[in-house]
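Let me begin by presenting the structure, written as C-alpha cells, before commenting on it.
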Amino acid sequence: MTPEPTPPAQSAAARPAPKMVIRDFTVSLGGKSVLRDINLDLMPHERLAIIGPAGSGKTSLLRSLNRLNDLEPGFSHDGRITLDGLDIYAPGTDVPALRRRIGMVYAVPVPLPWSIYDNLAYGPRLTGVRDRARLDEIVETCLRSAFLWDEVKDRLAMQAPDLSGGQQQRLCVARVLALEPEVLLLDEPCSGLDPISTGKIEDALAELKSRYSIVLVTNNTKQAARASDRTAFILMGELVECGPTEQLFTNPVHHRTSDYITGHFG
4 MTPEPTPPAQ SAAARPAPKM VIRDFTVSLG GKSVLRDINL DLMPHERLAI
54 IGPAGSGKTS LLRSLNRLND LEPGFSHDGR ITLDGLDIYA PGTDVPALRR
104 RIGMVYAVPV PLPWSIYDNL AYGPRLTGVR DRARLDEIVE TCLRSAFLWD
154 EVKDRLAMQA PDLSGGQQQR LCVARVLALE PEVLLLDEPC SGLDPISTGK
204 IEDALAELKS RYSIVLVTNN TKQAARASDR TAFILMGELV ECGPTEQLFT
254 NPVHHRTSDY ITGHFG
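In terms of the numbering used here, the sequence shown opens at residue 4 and continues consecutively.
The following block contains the structure:
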C-alpha cells in the first residue's frame, strides 16, 4: 500500500481577523471633504496611533468609528466601516449600543460633578448593575486599569473635579472602561498634561491592549513612537501610509511621512 503523503507543516498562527475594517471611507462636513478613500484595519489587541498635522482629518476619522460625527451638521459619508464584520452605518444600527462597545476619551477631561466612586458607578448603574459589591469591584478594577487606584483608593468620596488634570484624565479613561467596551478611542488624551501624567496614561495603554483594541490620535510623534504598535499617517484627509511603528519612524515608505516626522512640515 502506498503511504499517504505527509501533510504540510502548519504555518505560524494565522493572522487574526481585524476587529474593525475601514474601506473606501469618505467624509464630508458641511459640504467640505475632510476624509477621502480611507482604507485601514484595526487588529485585536493592538495600539494603533494616528498622526498628522492639525486639520488633517485625524479626529474626524476617530469620531467616525463610533458615529459621533452623526451629531455634526452637514455630515455625510461614503464607504464602509465594520465592527466584527457588521456594518456600523447599516440602517437599524443601535447607535447607543455601538458607542458602549467603542468607548471614547477626549482631549479635555470632563469628570461628572460627583464623587470619584459615583463617576465610575454611573455607567454600570445605567445598565442595571445594583449590587454594591459588584459596583465596588468595577470601581476598583477600572481605577487599577487606569493606574489611578493607588492615588485615590482612600478618598473615593472626594469630588472628582477636585482631582488634578492628569488624575481627571485617568478617571475619564476608567469611566469608559466601566462600560466594558471592546474598542477604546483616545483623542489627544495627553494634550496639556505633564510628563508624569502622560507616562502613566501610556503605561495604562500598554497594559490595556491585552483586553482592547486601541486607537490613539496624537499630534505628538514621540508619543506615537512610544505608545503604539502600528502608526497611520494622515495628510489632508488622505491616508499616506500605515505600518509597524518602528518601521514607519525609521524607514517610512513615503517621503511625505519622512518630512512630517522629521519636522520639515506640519
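Glycine included, C-beta positions come from ideal geometry on N, C-alpha and C. Here the structure is a predicted model, which is why all the values come from computation and not from measurement.
Inset, instruction - Identify, in the order they occur along the chain, each residue of the same chain with its Cβ nearer than 6 Å to the Cβ of V98, setting aside the five sequence neighbours on each side. - result: If you number the sequence shown from 1, residue 98 lands on position 95. These residues qualify, in order along the chain: R70.
Inset, instruction - Find out if the Cβ-Cβ distance for the pair V220, K61 is shorter than 9 Å. - result: As a position in the sequence shown, residue 220 is number 217, starting the count at 1. As a position in the sequence shown, residue 61 is number 58, starting the count at 1. Cβ distance < 9 Å, so V220 and K61 count as in contact.
Inset, instruction - Would you mind giving the Cβ-Cβ distance between L43 and G106, rounded to the nearest angstrom? I have them listed as a contact below 8 Å. - result: On the sequence shown, position 40 is the one that residue 43 refers to. On the sequence shown, position 103 is the one that residue 106 refers to. Actually they are not in contact, since the Cβ atoms of L43 and G106 sit about 19 Å apart, beyond 8 Å.
Inset, instruction - Spell out a yes or no on whether the stretch 240 to 254 and the stretch 82 to 100 are touching, meaning 3 or more CB-CB pairs, one atom from each, closer than 8 Å. - result: no
Legend entry - Same chain, Cβ closer than 6 Å to A207, neighbours up to 5 away in sequence not counted: Within the sequence shown, residue 207 is the residue found at index 204, counting from 1. Contacts found: A149, F150.
Inset, instruction - Spatial neighbours of P11 within its chain, please: CB distance less than 7 Å, with the 5 preceding and 5 following residues excluded, ordered by chain position. - result: If you number the sequence shown from 1, residue 11 lands on position 8. Note that P11 scores a pLDDT of 49, beneath 50, so its modelled location is shaky; the value from the coordinates is reported in the next line. No residues qualify anywhere along the chain.
Inset, instruction - Flag this pair as yes or no: are the beta carbons of R104 and L86 separated by less than 9 Å? - result: Taking the first residue of the sequence shown as position 1, residue 104 is located at position 101. Taking the first residue of the sequence shown as position 1, residue 86 is located at position 83. Contact flag set, yes.
Inset, instruction - Taking 9 Å as the cut-off, decide whether the C-beta atoms of L115 and A177 are in contact. - result: By one-based count along the sequence shown, residue 115 stands at place 112. By one-based count along the sequence shown, residue 177 stands at place 174. No; because the gap between Cβ atoms is not below 9 Å, this pair is not in contact.
Legend entry - Residues sharing a beta bridge with E244, DSSP: Working through the sequence shown from its first residue, we reach residue 244 at position 241. DSSP lists F236 as partners of E244.
Legend entry - First and last residue of the uninterrupted beta strand (DSSP E) at I84: Here residue 84 refers to the residue found at position 81 of the sequence shown. Element bounds for I84: 78 to 86.
Inset, instruction - Give me the Cβ distance between S63 and L45, rounded to the nearest whole Å; I'm assuming they're in contact under 8 Å. - result: Taking the sequence shown and counting its residues from 1, one reaches residue 63 at position 60. Taking the sequence shown and counting its residues from 1, one reaches residue 45 at position 42. Contact flag wrong, Cβ pair sits at about 16 Å.
Legend entry - Residues of its chain near R26, where Cβ-Cβ distance is below 7 Å and the 5 sequence neighbours each way are ignored: Numbered from 1 along the sequence shown, position 23 holds the residue referred to as residue 26. So the list reads N42, G82, R83, once near-sequence residues are dropped.
Inset, instruction - Consult DSSP for S148 and reduce its assignment to one of helix, strand or coil. - result: The residue you call residue 148 lines up with position 145 of the sequence shown. The answer is helix: DSSP assigns S148 an H, G or I state.
Legend entry - alpha helix (DSSP H) runs wholly inside the stretch 102 to 181, at least 4 long, in chain order: 119 to 129, 135 to 148, 152 to 155, 168 to 180
Inset, instruction - Mark R50 as exposed unless 16 or more other C-beta atoms lie within 10 angstroms of its C-beta, in which case mark it buried. - result: Counting from one through the sequence shown, the residue named residue 50 turns up at place 47. Result: buried.
Legend entry - Backbone secondary structure at V218 - three-state DSSP: Start at 1 with the first residue of the sequence shown, and residue 218 comes out as number 215. V218: strand per DSSP, three-state reduction.
Inset, instruction - Give the DSSP-derived three-state secondary structure of E249 in the structure shown. - result: Here residue 249 refers to the residue found at position 246 when the sequence shown is read from its first residue. E249 falls in the helix class under three-state DSSP.
Legend entry - Buried or exposed by the 16-neighbour rule on C-beta atoms within 10 Å, applied to R173: As a working mapping, residue 173 is identified with position 170 in the sequence shown. Burial call: buried.
Inset, instruction - Go through its chain and collect everything with a Cβ distance to D90's Cβ below 8 Å, but skip five positions before and after it. - result: Within the sequence shown, residue 90 is the residue found at index 87, counting from 1. So the qualifying residues of the chain are R83, I84, T96.
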